[in-house]
Structures are given as structure tokens and as C-alpha cells.
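In the numbering used here, the protein residues as written are 176 to 248.
Glycine included, every Cβ here is placed at the ideal spot set by N, Cα and C.
Below is one structure, written out as C-alpha cells, with a few remarks after it.
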């Protein structure tokens, strides 16, 4: 992870193998990018941005999983 913040993405299961970069936009929002999936998220603090990114990456992985989830048909 490249960042000045004291946030460890590997604390979140969804980001265990992620390559996370952090940046701050012109409005002061912190933006976390997962370079592997291309998913990004933001927050008022670096910690919030990472937490939001973990949730977004988890949703992305669920949505792109090979299991169609229609076993009940």
C-alpha cells in the first residue's frame, strides 16, 4: 500500500491480497483504490476509505463469483 496513513488494508479479509493505493482529492476526501480489481471507495478519513473499500471489494467479489446462486431452480 502506498500512503501516508496508518491504515493496514490486510486487517480486512476482502483486502488481504489487495494492492491498495491512497490519495486525497481536491475536496479533502480520502480515496482508496484496489489496483487488482479496479474498485475504488472514499471516506472522510483514510480509515473510513479503507473500510468502505473493503466492503466494496467484498461486494465486487460476490458479484463476479462463478457461482450463479440459482441452485434452487
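Given residue 187, which residues of its chain have a CB within under 6 Å of its CB, disregarding the five upstream and five downstream residues? Setting aside the 5 residues that flank it on each side, residue 187 is surrounded in the same chain by 229, each with a C-beta closer than 6 Å to its C-beta; the list follows chain order.
Exposed or buried, which one is residue 234 when buried takes at least 16 other CB atoms within 10 Å? Burial call: exposed.
Give me the DSSP bridge partner(s) of residue 218. As computed with DSSP, residue 218 is found in a beta bridge with 205.
Do residue 206 and residue 219 have their beta-carbon atoms positioned less than 8 Å apart in this structure? No. Outside cutoff.
Local Cβ density within 10 Å of residue 209, reported as buried at 16 or more and exposed below that: By the neighbour-count rule (16 or more Cβ atoms within 10 Å), residue 209 is buried.
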